[in-house]
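The structure under discussion appears below in the form of structure tokens.
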Amino acid sequence: MKIVDAKVVVTSPGRNFVTLRITTDEGITGLGDATLNGRELAVVSYLLDHVVPLLIGRDPHRIEDTWQYLYRGAYWRRGPVTMAAIAAVDVALWDIKAKAAGLPLYQLLGGASRDRVRAYGHASGRDVPELFDSIRARQAEGYQAIRVQTGVPGLAKVYGVHRDGESAAEGRHPRPVVEDWDTAAYLRHIPGVFEAVRGEFGPELPLLHDAHHRLTPVQAARLGKALEPYDLFWLEDCTPAENQEGLRLVRRQTSTPLAIGEVFNSVFDYQTLVGEQLIDYVRSAVTHFGGVTPLRKLFDYAAQYQIKSAVHGPEDISPVGMAAAIHLDLAIHNFGIQEYSGHTALTDEVFRHAYTFTDGHLHPGEAPGIGVELDEELAAAHPYRPAYLPVNRLADGTVHDW
Ligand code: CS2
Ligand code: MG
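According to this note's numbering, the sequence shown is numbered sequentially starting from 37.
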């Protein structure tokens, strides 16, 4: 079998998605997600100008060799743009291989290790009453684990808080909108929010919270300790983790479980975090970590340290990237949980998928490959629109992590 064509489809059914379609001489095609929220066109160029010309004529079955060829052959290694491009090729090749075998991808990854994949959803509110309504709405949709984000008194717009039912606004503004931030106000406010949530919803509901890279290690330690009475499933991205050693301080101070890694794209980003068991969940997405091939290796490495998977799955991971993740989730032993925000109805029309969400759990389905079909005609009807993620500024105007 030979690769005879590869094309990049950019579509915006509510938000931008970048998809690679690889076609073989036997007529089998494969899809890969290359969406990098706010920097989509950089990946499009990387694929079209530097990767696609190298794919034509290659044997699509040689997935590991192709991955190493693209990773080492670039010379300039790692980074979100490079790894999103390589991820799209990797997933498309796995899609082709599984289709050629007539099997759903998870069967090529060792088969099912569980019957279904537990998901968590997003609840948010500008205040506690609005938050409660949002939690109830997620429970009504079947979610059995829920991420909790709220507004902060004195701050106009805070990450992760938007009206229920609206798609996440992040990554859809034509210019970066400025959000404001006050760490002291946030640290004063959050413990009371979780006390109220536990009081209303009881001690058993798995609750997650995303600090979204905004705290220093000592602030993260303080928040982790303050949240211990509320028994969180995890505290996510408590501090920017490029400085992996910073998590040593946090880990020494709190038993609140820690999740990190959605912005990581290489196993080297995790070496200290995993090797010293400084975290409990690794968060990288198939789309941003170079594909199924390296992400499976990361999960196997993490398993040696009793660390579990928690693949990143907001709306800006396309149904192609989501499908690949759910196949991996079903197969690996050290599965933790899968983030799942769902997509708009239009997105689900553009990307018809075999995966299902029922009673708070996902299943990839039994369709050969990853189980996603891309309607290119409908995709073309919704062209790319320039979009940026927000930027955070402190009261004095200093840029802060968003
Ligand atoms: C968030 C993401 O889902 C999460 O955990 O951190 O929604 C993140 O804000 C977006 O993926 C950024 O594009
Ligand atoms: Mg996050």
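Where is the CB? At the ideal position from N, CA and C, for every residue including glycine.
8 angstroms contact criterion, which residue i and residue j should meet: CB distance rounded
i    : j    : result
T383 : G50  : 6 angstroms
D246 : G196 : 6 angstroms
V46  : V88  : Not confirmed; about 14 angstroms, so no contact.
F393 : V356 : Not a contact, Cβ separation roughly 16 angstroms.
G147 : A403 : With a Cβ gap of about 16 angstroms, G147 and A403 do not count as contacting.
G68  : Y376 : With a Cβ gap of about 20 angstroms, G68 and Y376 do not count as contacting.
Terminal residues of the beta strand (DSSP E) in which residue i lies
i    : result
W103 : Element bounds for W103: not the beta strand (DSSP E) but the alpha helix (DSSP H), I99 to G109.
L398 : H397 to H399
A295 : L294 to I296
H389 : F387 to H389
Beta-bridge partners of residue i, as assigned by DSSP
i    : result
Y424 : H209
D69  : T55
V125 : Paired residue(s): none; V125 is not in a bridge.
R183 : H158 and L244
P140 : G405
I39  : T60
Q374 : A155
Y317 : A295 and K344
H436 : N428
Residues near residue i in its chain [Cβ-Cβ closer than 6 angstroms; skip 5 each side]
i    : result
R250 : D437
A205 : The predicted position of A205 is uncertain, since its pLDDT is 49 and thus under 50; a value taken from the coordinates is nonetheless stated next. Same-chain partners within the cutoff: H198.
G372 : Y317, K344, S345 and A346
Cutoff 8 angstroms; reference residue i; Cβ partners in own chain excluding five residues on either side
i    : result
P116 : L72, R75, V299, N301 and H324
D218 : V188, G190, L191, L430 and A431
L314 : Q280, L283, R284, V286, R287, L294 and T308
V184 : A159, S160, L167, I171, V229, F230, V233, L243, L244 and H245
I343 : V310, Q313, I315, D316, Y317, V318 and N370
L268 : F230, L243, L244, H245, T292 and P293
H225 : T186, V188 and P189
Beta-carbon contacts of residue i that lie in its chain and below 7 angstroms, excluding the five residues immediately before and after
i    : result
T170 : Reading the sequence as shown, one finds Ser at residue 170 and not Thr. Excluding residues within five positions, the ones whose Cβ falls inside 7 angstroms are A159, S160, G161 and D200.
D41  : T59
H397 : R152, V153, R154 and A155
E281 : T308
L241 : I182
Residue range of the alpha helix (DSSP H) that includes residue i
i    : result
I171 : V164 to A176
I368 : Element bounds for I368: n/a, residue is neither H nor E.
L285 : G282 to Q289
V254 : P253 to L263
Near the ligand ADP: residue i beta-carbon under 7 angstroms from a heavy atom
i   : result
N73 : Looking at this structure, you won't find the ligand ADP anywhere; what it does contain is the ligand CS2 and the ligand MG.
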